[in-house]
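Participant:
Numbering (our numbering), first residue to last: 8 to 95.
Quick look at the structure:
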């Protein structure tokens with residue numbers, strides 16, 4: 008209850024910021040905690056009382072369906088330059 012999903016790249020939009028309570032603690036999370044920290048920093052700079060969930064959802068859950076998601080593979084990312092051979 009009360010959860011709001013806003014991609015961090017859309018956080019700056021006035022219509023998204025208007026959805027957030029200015030008088031309550033905002034807990035931000037992502038999969039690993041890295042992007043969540045970026046969003047938290049933005050919100051804090053804008054005056055919101057925001058904290059990041061340490062280690063993201065990976066650190067919060069023991070659910071294998073969440074923890075065993077496919078990891079980042081640069082070879083499958085379009086227009087992502089890399090040098091050398093890919094190793095497994």
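The beta carbon of each residue, even a glycine, is placed where N, CA and C say it ideally should be.
(1) Do you know offhand how far residue 20's Cα is from residue 67's?
(2) What do you reckon, are the CB atoms on residue 47 and residue 35 nearer than 8 Å?
(3) Taking the runs of the beta strand (DSSP E) that are 3 residues or longer, which of them lie wholly in the segment 23–54?
(4) Tell me where the beta strand (DSSP E) around residue 59 begins and ends.
Facilitator: Considering the structure as presented:
(1) 29 Å
(2) yes
(3) 33–35
(4) 57–59
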